[in-house]
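For the sequence shown, the working numbering gives the first residue as 1190, with consecutive numbering after it.
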Amino acid sequence: MTGIRLTAPAPGWAIDADVVVVGSGVAGLTTALRCAAAGLDTVVVTKARLDDGSTRWAQGGIAAALGEGDTPEQHLDDTLVAGAGLCDEEAVRTLVTEGPDAVRRLITTGATFDTTDSGDIALTREGGHHRRRIAHAGGDATGAEISRALVEAVRSAALHTIENALVLDLLTDAEGRTAGVSLHVMGEGQHDGVGAVRAPSVVLATGGMGQVFSATTNPSVSTGDGVALALRAGAEVSDLEFVQFHPTVLFLGADSEGQQPLVSEAVRGEGAHLVDATGTRFMLGQHELAELAPRDIVAKAITRQMHEHGTEHMYLDARHFGARMWEQRFPTILAACRTHGIDPVTGPIPVAPAAHYASGGIRTDLRGRTTVPGLYACGEVACTGVHGANRLASNSLLEGLVFAERIAADIAETCPPRTEPAEAASEGGGEPVALLAPETRTAIQRIMTRGAGVLRSAASLATAAEELEALHRSAAADVDAADPKDAVPGVDAWEVTNLLLVSRVLVAAAREREETRGCHWREDRPDRDDAHWRRHLVVRIAADRTPVVHRTETAAFPPVRAAD
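Right, dumping it as structure tokens:
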């Protein structure tokens, strides 16, 4: 344990449970439903409404070997190739073998997928897949359908849910084991203000951290809260340098910031072409799969074309689909484009890469356990080893499903007893973190976009590290000043403080990895170096709040616990 905590009032209320799940996407709600079905008293905490997580924004679908002629082994091969030598093969094998049945259980929970005329699940292709194995719903509204089904199931099961609640820190008992979380509930409701859910098992399913960058496909709630909490609690994170930039995000202007509309990879899966301003396809000859190459390859190709042509975007041309296909297969994307004055039926779509998915996160084993006893992580916030250096398209929803079920089974099997939080933790004690002013958020995002975006170098990362550390030192110095002007505790200040922490750790790892691999692109180190860098970078926060980066000796993860 680091003893580091966010500056916050002591909890003014508390409830008890067997397990608290933080997050309401596919990973969180699946975990909660399975835990409740096992007879565990389960509480779900979510930052906004139950259906406001990243899952509902997922357009393309969920990958699984469901089609005739497809096999888990083929799915494994495609995943390993996309992961650029850093996937944990056992984790991937777990994903692809347990995945098809997990999808079928999701269907029995109430999710409805698009079907063919014969009644089979309709499958499409996306980047990096050699077979059609992406199941989708509502054309391009897969995440929304999965979210709807799981939210309805949670409400039907009458699970205890706390909405509009930002999780703050992990509570631990006198032995250093998980004892719950502190959280702040916004607005009026059954609970309000800072409180606590006391539980011996905590599952973090808080999603991604795309908001560390100026432009992202992630919703505004994706501020890295779960990773930041875990780091303060002493947990290890891994592979945080591997941030996937989605190649085809609707370009709204060079100054556009915040959440940007995604143009699903499934559009390319159905035959759309990437072209420059002259209409010339530029992915031909760059990869055997052309537009359907793994995402890191496509994002790099688009970025290179932008640099060579001196432009801020390329184009995705799917005019040959015709109006009917656009309306039936991609109604969400069609509406988003038209909202911004672009009609993909009659003209190409301007696209550019934007931050999309964190391939790394809180390091776990195959049962979702972290390096802190009683703390689990699932979904995008976790690093199971499935994604390696670059996530294969549509493996994220599947990972959430498969590992959520494994976490619930582990908690039900071990059934740890409830313990009392240590006094300092329950009273909001520990070493408080200097909070940043909310307006610092934009500065962090611009620093990260300039220095640690799609294209990185030793110089850009050094500048980013220096600027981030200056923000960190300034906040710390203000706390010690005779007349401190530090930020008042509140949601905006807590979020930006979390953003700074995860940004510092991400940059520390990116500076350490002196090669180009997967979605980590170093222009000063353009080659992949397996001899020295087919390794994982594991990071923790020291008591003095500096990131400590450790390189593993092999491509395998060390055990999460000595007893494993």
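Note that beta-carbon positions come from the ideal geometry of N, C-alpha and C, so glycine has one too. Owing to the predicted nature of the structure, the values given are computational and were not obtained by experimental measurement.
Restricting to Cα atoms, I'd like to know which of the options is closest to residue i.
i, options, result
"Ala-1745", "Gly-1577, His-1325 and Leu-1581", "Gly-1577"
"Arg-1595", "Gly-1212, Ala-1227 and Arg-1630", "Ala-1227"
"Val-1677", "Gly-1256, Ala-1342, Glu-1628 and Ser-1409", "Glu-1628"
"Val-1234", "Leu-1581, Arg-1527 and Thr-1350", "Thr-1350"
"Leu-1284", "Gly-1396, Ala-1254 and Val-1738", "Ala-1254"
"Ala-1732", "Asp-1306, Ile-1538, Glu-1459 and Gly-1423", "Gly-1423"
"Gly-1382", "Asn-1579, Thr-1469, Glu-1352 and Cys-1526", "Glu-1352"
"Asp-1277", "Cys-1572, Ala-1682, Ala-1324 and Leu-1688", "Cys-1572"
"Ala-1346", "Val-1270, Val-1370, Ala-1225 and Gly-1308", "Ala-1225"
"Arg-1344", "Ile-1310, Thr-1298, Leu-1355 and Phe-1302", "Thr-1298"
"His-1373", "Thr-1196, Glu-1257, Pro-1605 and Ala-1664", "Thr-1196"
"Glu-1334", "Leu-1689, Ser-1649, Val-1685 and Leu-1586", "Leu-1586"
"Thr-1467", "Ser-1445, Arg-1493 and His-1498", "His-1498"
"Asp-1230", "Val-1208, Ser-1692 and Gly-1217", "Val-1208"
"Asp-1240", "Thr-1305, Val-1340 and Val-1622", "Val-1340"
"Glu-1279", "Arg-1556, Asp-1599 and Ala-1648", "Arg-1556"
"Arg-1314", "Val-1456, Val-1210, Thr-1286 and Asp-1444", "Val-1456"
"Leu-1581", "Lys-1236, Thr-1191, Gln-1263 and Thr-1405", "Gln-1263"
"Met-1398", "Arg-1714, Ala-1593, Trp-1722 and Glu-1684", "Glu-1684"
"Arg-1322", "Asp-1306, Thr-1305 and Gly-1256", "Gly-1256"
Measure the CB-CB distance between residue i and residue j and report whether it falls below 7 Å.
i, j, result
"Val-1694", "Leu-1393", "no"
"Ile-1251", "Ser-1548", "no"
"Gly-1574", "Ala-1273", "no"
"Pro-1483", "Gly-1317", "yes"
"Val-1540", "Thr-1437", "yes"
"Ala-1566", "Val-1386", "no"
"Ala-1271", "Val-1591", "no"
"Ala-1597", "Thr-1220", "yes"
"Leu-1625", "Ala-1417", "no"
"Leu-1564", "Val-1391", "yes"
"Arg-1194", "Asp-1414", "no"
"Ala-1699", "Leu-1650", "yes"
"Asp-1485", "Asn-1407", "no"
"His-1319", "Asp-1259", "no"
"Ala-1544", "Val-1432", "yes"
"Phe-1440", "Ala-1488", "no"
"Gly-1308", "Arg-1518", "no"
"Leu-1360", "Val-1680", "no"
"Ala-1682", "Ala-1623", "no"
Count the other CB atoms within 10 Å of the CB of residue i; is the residue buried (16 or more) or exposed (fewer)?
i, result
"Thr-1608", "buried"
"Trp-1184", "This structure cannot speak to residue 1184, because the chain is shown only from 1190 to 1753."
"Ile-1296", "exposed"
"Ser-1403", "buried"
"Leu-1420", "buried"
"Gln-1400", "buried"
"His-1725", "buried"
"Glu-1712", "exposed"
"Leu-1660", "buried"
"Met-1637", "buried"
"Glu-1425", "buried"
"Ala-1338", "buried"
"Ala-1368", "buried"
"Glu-1501", "exposed"
For residue i, which residues from the same chain have a beta carbon less than 6 Å from its beta carbon, with the 5 sequence-adjacent residues on both sides left out?
i, result
"Gly-1332", "Thr-1244, Arg-1245, Trp-1246 and Ala-1247"
"Ala-1363", "Ala-1611"
"Pro-1200", "Ser-1371, Val-1383, Gly-1384 and Ala-1385"
"Phe-1302", "Ile-1310, Ala-1324 and Ala-1326"
"Asp-1718", "Glu-1704"
For residue i, I'd like the list of residues in its chain whose CB is within less than 7 Å of its CB, leaving aside the five on either flank, ordered along the chain.
i, result
"Asp-1672", "At Asp-1672 the pLDDT is 48, less than 50, meaning the model places this residue with poor confidence and gives no usable figure here."
"Thr-1741", "Arg-1724, His-1725, Val-1727 and Pro-1747"
"Gly-1396", "Gly-1212, Gly-1214, Gly-1242, Ser-1243, Ser-1411, Gly-1568, Glu-1569 and Val-1570"
"Gly-1589", "Gly-1214, Val-1215, Ala-1216, Thr-1219, Cys-1567 and Gly-1568"
"Pro-1542", "Phe-1434, His-1435, Pro-1436, Val-1438, Ala-1488, Ile-1491, Thr-1492 and Val-1643"
"Leu-1688", "Gln-1400, Val-1401, Thr-1412, Gly-1413, Arg-1630 and Ile-1633"
By Cβ distance, which residues of its chain are closer than 8 Å to residue i, with the 5 residues on each side in sequence left out?
i, result
"Val-1737", "Val-1728, Arg-1729, Ile-1730 and Ala-1731"
"Gly-1536", "Arg-1508"
"Arg-1282", "Pro-1261 and Leu-1265"
"Ala-1461", "Glu-1480, Leu-1505, Asp-1506, Ala-1507 and Phe-1510"
"Ala-1342", "Leu-1218, Leu-1222, Thr-1298 and Gly-1299"
"Asp-1774", "No statement about residue 1774 is possible, as the shown extent of the chain runs from 1190 to 1753 and does not include it."
"Ala-1330", "Gln-1248, Pro-1520 and Thr-1521"
"Glu-1658", "Arg-1693"
"Ser-1409", "Gln-1400, Gly-1447 and Gln-1448"
Of all the CB atoms in chain C, is at least one closer than 7 Å to the CB of residue i?
i, result
"Gly-1272", "No chain C appears in this structure, which consists of one protein chain only."
At what residue ranges does the region 1527 to 1601 contain a whole run of the beta strand (DSSP E), taking only runs of 3 or more?
1538 to 1547, 1550 to 1552 and 1564 to 1566
Enumerated in chain order, which unbroken segments of the beta strand (DSSP E) with a length of 3 residues or greater are wholly contained in the region 1447 to 1471?
1462 to 1464
Complete beta strand (DSSP E) runs within the region 1353 to 1428 (minimum length 3 residues, chain order)
1354 to 1361, 1367 to 1374, 1382 to 1387 and 1390 to 1393
Entirely within the region 1679 to 1703 and at least 4 residues each: give me those alpha helix (DSSP H) ranges in chain order.
If we require 4 residues or more, the alpha helix (DSSP H) runs fully inside the region 1679 to 1703 come out as 1680 to 1701.
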